[in-house]
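Enquirer:
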Amino acid sequence: MTHGFVPLHYHTGSGVWKVHYHSSDPKQCAYVCHCYGSYVLDHDPPLIYNLVSDPSESRSLTPADDPRVPKVLEAVNAALTKHRASLSPVPQQFDLLNSLWLPWLQPCCSFPLCSCKENYTLRVL
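Following the UniProt record's numbering, the numbering of the sequence shown begins with 1 at its first residue and continues without gaps.
1) Determine the contact status of residue 48 and residue 19, defining contact as a CB-CB distance below 8 Å.
2) Can you check DSSP and say which residues form a bridge with residue 41?
3) Go ahead and label residue 98 buried or exposed: buried means 16 or more other beta carbons lie within 10 angstroms of its beta carbon, across all protein chains shown.
4) Quick check on the burial criterion: 16 or more other C-beta atoms within 10 angstroms. Buried or exposed for residue 32?
5) Please go through the same chain and pick out, in chain order, the residues whose beta-carbon is closer than 7 Å to the beta-carbon of residue 69, but skip the five residues on each side of it.
6) How many Å lie between residue 178 and residue 100 at the Cα?
7) Terminal residues of the continuous alpha helix (DSSP H) containing residue 57?
8) Buried or exposed for residue 76, going by 16 or more other Cβ atoms inside 10 Å?
9) Given a threshold of 16 other Cβ atoms within 10 Å of its Cβ, counted over all protein chains shown, does residue 17 qualify as buried or as exposed?
10) At which residues does the alpha helix (DSSP H) containing residue 85 begin and terminate?
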């Protein structure tokens, strides 16, 4: 399953399934994909592939194509719900306090100017 562009696979005795809820828009992401807004295609219903019979993911399956699709989607959605319930919030890592320069955490070779210029030359061994 791909949710937030992280691929997850569902394995049954009859196949390895891959589900895409979102994917990058090839028209928008020529070099770098920003993975938000207009750069993302949302799929409802999600795209589902059996990687055993279609390893290149060239043909998305529907319940009309394969009667196992609804059961696979049900299992994948249950796993996604369980995973989301296990997540806990983390503090913002790029807030103002974490972005400030902290001089006491910087190397200081020559107090008080704290410039680090070595007074030796490297020689080839």
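Note that the Cβ used here is the ideal one computed from N, Cα and C, for glycine as well. Owing to the predicted nature of the structure, the values given are computational and were not obtained by experimental measurement.
Expert: In short:
1) Against the sequence shown, residue 48 aligns to sequence position 48. Against the sequence shown, residue 19 aligns to sequence position 19. Yes, Cβ-Cβ distance for residue 48 and residue 19 is below 8 Å.
2) Numbered from its first residue, the sequence shown carries residue 41 at position 41. Bridge partners of residue 41: 23.
3) As a working mapping, residue 98 is identified with position 98 in the sequence shown. Exposed: under 16 other Cβ atoms inside 10 Å.
4) Looking up residue 32 in the sequence shown gives position 32. Result: exposed.
5) Taking the first residue of the sequence shown as 1, we reach residue 69 at position 69. Close CB contacts of residue 69 within its chain, under the 7 Å cut and outside five residues either way in sequence, are with 48, 61, 62, 63 (chain order).
6) In the structure as shown, the chain begins at 1 and stops at 125. Residue 178 is therefore absent and cannot be evaluated.
7) By one-based count along the sequence shown, residue 57 stands at place 57. Note, residue 57: premise wrong, no alpha helix (DSSP H); not H, not E.
8) Mapped onto the sequence shown, residue 76 falls at position 76. Flag for residue 76 reads buried.
9) As a first step, residue 17 must be located in the sequence shown, where it is residue number 17. Looking at its Cβ environment, which holds 16 or more other Cβ atoms inside 10 Å, residue 17 is buried.
10) Counting from 1 along the sequence shown, the entry for residue 85 is found at position 85. Residue 85 -> alpha helix (DSSP H) spans 69 to 86.
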